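> First the structure, then my questions, so here it is.
Protein chains: 2
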Amino acid sequence: MLKTYSISEVAKELNLTAYTLRYYDKEGLMPFVERTASRTRLFKESDIEALKVIECLKSTGMPIKEIKHFIDWCSDGDSTLQQRYEMFIERKATVESQLEELNKTMELIKHKCWYYKTALEAGTEDIHKNEKIEIPTTN
Amino acid sequence: MLKTYSISEVAKELNLTAYTLRYYDKEGLMPFVERTASRTRLFKESDIEALKVIECLKSTGMPIKEIKHFIDWCSDGDSTLQQRYEMFIERKATVESQLEELNKTMELIKHKCWYYKTALEAGTEDIHKNEKIEIPTTN
DNA sequence: ACTTGACCTAGAGTTAACTATAAGGATTAA
DNA sequence: TTAATCCTTATAGTTAACTCTAGGTCAAGT
Numbered sequence: 004m005l006k007t008y009s010i011s012e013v014a015k016e017l018n019l020t021a022y023t024l025r026y027y028d029k030e031g032l033m034p035f036v037e038r039t040a041s042r043t044r045l046f047k048e049s050d051i052e053a054l055k056v057i058e059c060l061k062s063t064g065m066p067i068k069e070i071k072h073f074i075d076w077c078s079d080g081d082s083t084l085q086q087r088y089e090m091f092i093e094r095k096a097t098v099e100s101q102l103e104e105l106n107k108t109m110e111l112i113k114h115k116c117w118y119y120k121t122a123l124e125a126g127t128e129d130i131h132k133n134e135k136i137e138i139p140t141t142n
Numbered sequence: 004m005l006k007t008y009s010i011s012e013v014a015k016e017l018n019l020t021a022y023t024l025r026y027y028d029k030e031g032l033m034p035f036v037e038r039t040a041s042r043t044r045l046f047k048e049s050d051i052e053a054l055k056v057i058e059c060l061k062s063t064g065m066p067i068k069e070i071k072h073f074i075d076w077c078s079d080g081d082s083t084l085q086q087r088y089e090m091f092i093e094r095k096a097t098v099e100s101q102l103e104e105l106n107k108t109m110e111l112i113k114h115k116c117w118y119y120k121t122a123l124e125a126g127t128e129d130i131h132k133n134e135k136i137e138i139p140t141t142n
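Those protein sequences? They're chains X and U, same order as listed.
Heads up: the first sequence at position 100 corresponds to 103 in the numbering used here, and the numbers run straight through without jumps.
Heads up: the second sequence at position 79 corresponds to 82 in the numbering used here, and the numbers run straight through without jumps.
If you want it as structure tokens, here you go:
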């Protein structure tokens, strides 16, 4: 007798649209979601948790087709524990390098903030014309 | 008499393809690149630096059409310093929240690494069946 | 002079991930 | 019972960012 949720309730909760959830279902990402006799999807709390994991993988840049492999492994049970473990280890490395990249991006952005702040104060970009090493105290 | 680079040299340097660079040019991202009499592009060192800034903006998720606005402002000179400053301030906020998101993602990934490591050791996922608060020492 | 290889443009094709439409079925409220 | 508001499917359309093809030009080497 556990509570269930409609597709639009789940969409709202996860900041997605019902279209998107149906699309994920069509792509095989939600084989676990049960239905009523008349085909209406009934989402359990655990289904929402699984969708959060899917969103997590998506946010690492993993394409939907690869996420499906993971979902298939989940359906296959304990015999795929090794693959799933390795997948998350690999994801961890991916996210680590993404964090590194994003931090580099941040440094350049901060530099540009400083560049335009000082140019704005001077009224012209020309003050940066022949400088090579003007290190601002970052931040 | 400064050194110039061909499109394929620049592509190699920036880990892009010549196709992509021509596409960027077509979209108006490279109005500064000079040409020979026979229309061949001649990239200067400063053009490559500008392209690195474009790549930086791209890596924050900014769409090419918005990047074009920035390039247009650059062409317009000092009268657009304010807009450009504000754009980078806004980008900084964007990257900050992206970093936050990515760190949350990392936490979930690490949790899953632990989840599967322990499941693998036990030979079955069942060991996680009725646990709610098994906090592993993260990392 | 001729071939090779890198360059050029215009325009067509591709891909992923949605996003929307059309036509219909079920549940609730008056 | 009828209207509203969900839900369903199949299928078509959209968008961004490439990615490629065709047909041509140009400069260097043999």
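Glycine residues also receive a C-beta, built at the ideal position from the N, C-alpha and C atoms.
For clarity, every value in this text was computed on a predicted model and none was experimentally measured.
#1: If contact is defined by three or more beta carbon pairs under 8 Å, each pair taking one atom from either stretch, is the segment 100–115 of chain X in contact with the segment 86–99 of chain U?
#2: How about U/T7 and U/L45: are their beta carbons less than 8 Å apart?
#3: With the cut-off set at 8 Å, would you say U/T127 and X/D81 are in Cβ contact?
#4: For chain X, find out if any of its Cβ atoms is closer than 8 Å to the Cβ of U/L54; answer yes or no.
#5: How should U/Q85 be labelled, buried or exposed, when 16 other C-beta atoms within 10 angstroms of its C-beta is the threshold for buried?
#6: Check the Cβ-Cβ distances between X/E37 and every residue of chain U, and say whether any is below 8 Å.
#7: Label X/L32 either buried or exposed according to how many other C-beta atoms from any shown protein chain fall within 10 Å of its C-beta, with 16 as the threshold for buried.
#8: Find out if the Cβ-Cβ distance for the pair U/F73, U/L60 is shorter than 8 Å.
#9: Taking a contact to mean a Cβ-Cβ separation below 8 Å, would you say X/E58 touches X/L17 in this structure?
#10: Where are the alpha helix (DSSP H) runs, 4 residues long or more, that stay fully inside the segment 36–74 of chain X, in chain order?
#11: Please classify X/A125 as buried or exposed, where buried requires at least 16 other C-beta atoms within 10 Å of its C-beta.
#12: Rounded to a whole number of angstroms, what is the C-alpha to C-alpha distance between U/R42 and U/I10?
#13: Given that U/G64 touches chain X, what residues does it touch there, using C-beta distances under 9 Å?
#14: Quickly, what does DSSP pair X/Y8 with across the bridge? List them, please.
#15: Would U/Y27 and X/Y119 be called neighbours here (beta carbons separated by less than 8 Å)?
#16: Hey, X/K47 and X/L5: beta-carbon distance below 8 Å or not?
#17: Short of 7 Å in beta carbon distance, which residues of its chain neighbour X/M90, apart from the five on each side in sequence? Order them along the chain.
#18: Give me the chain X residues within the contact set of U/K95, using Cβ-Cβ distance strictly less than 8 Å, ordered along the chain.
#19: Output needed for X/H131: all residues of its chain with C-beta closer than 7 Å, excluding positions within five of it in sequence on either side, in chain order.
#20: Under a CB-based cut-off of 8 Å, is U/K120 close to chain X?
On the basis of the supplied data:
#1: Segments in contact, yes.
#2: Translated into the one-based positions of the second sequence, residue 7 of chain U becomes position 4. Translated into the one-based positions of the second sequence, residue 45 of chain U becomes position 42. Contact: yes.
#3: If you number the second sequence from 1, residue 127 of chain U lands on position 124. If you number the first sequence from 1, residue 81 of chain X lands on position 78. It is a contact, given that the beta carbons lie within the stated cut-off.
#4: On the second sequence, position 51 is the one that residue 54 of chain U refers to. No, U/L54 does not count as interfacial toward chain X.
#5: The sequence position of residue 85 of chain U within the second sequence is 82, counting from 1. Label assigned to U/Q85: exposed.
#6: Here residue 37 of chain X refers to the residue found at position 34 when the first sequence is read from its first residue. Not one beta carbon of chain U lies nearer than 8 Å to the beta carbon of X/E37.
#7: Within the first sequence, numbered from 1, the residue matching residue 32 of chain X stands at position 29. It counts as buried.
#8: Locating residue 73 of chain U in the second sequence gives position 70, counting from the first residue. Locating residue 60 of chain U in the second sequence gives position 57, counting from the first residue. Less than 8 Å divides the Cβ of U/F73 from the Cβ of U/L60.
#9: Within the first sequence, the letter at position 55 stands for residue 58 of chain X. Within the first sequence, the letter at position 14 stands for residue 17 of chain X. Yes. Within cutoff.
#10: Counting only runs of 4 or more, we get 48–62.
#11: Indexing the first sequence from 1 puts residue 125 of chain X at position 122. Here X/A125 is exposed: its Cβ has fewer than 16 other Cβ atoms, across all protein chains shown, within 10 Å.
#12: Here residue 42 of chain U refers to the residue found at position 39 when the second sequence is read from its first residue. Here residue 10 of chain U refers to the residue found at position 7 when the second sequence is read from its first residue. Taking the straight line from one Cα to the other gives about 12 Å.
#13: Stepping through the second sequence from its first residue, residue 64 of chain U is reached at position 61. For U/G64, no chain X residue has a C-beta closer than 9 Å to its own C-beta; the minimum C-beta separation is roughly 10 Å.
#14: In the first sequence, counting from the first residue as 1, residue 8 of chain X sits at position 5. Note: X/Y8 sits in a beta bridge opposite X/F46.
#15: If you number the second sequence from 1, residue 27 of chain U lands on position 24. If you number the first sequence from 1, residue 119 of chain X lands on position 116. The answer is no: Cβ separation not under 8 Å.
#16: Looking up residue 47 of chain X in the first sequence gives position 44. Looking up residue 5 of chain X in the first sequence gives position 2. The beta carbons of X/K47 and X/L5 sit closer together than 8 Å.
#17: The count along the first sequence starts at 1 and reaches residue 90 of chain X at position 87. Result list for X/M90: F73, in chain order.
#18: Within the second sequence, the letter at position 92 stands for residue 95 of chain U. For U/K95, the residues of chain X that pass the 8 Å Cβ criterion are M109, I112, K113 and C116, in the order they occur in the chain.
#19: If you number the first sequence from 1, residue 131 of chain X lands on position 128. Here the set comprises Y118 and A122.
#20: Along the second sequence, read from residue 1 onward, the residue named residue 120 of chain U stands at position 117. Judged by the 8 Å Cβ criterion, U/K120 is in contact with chain X.
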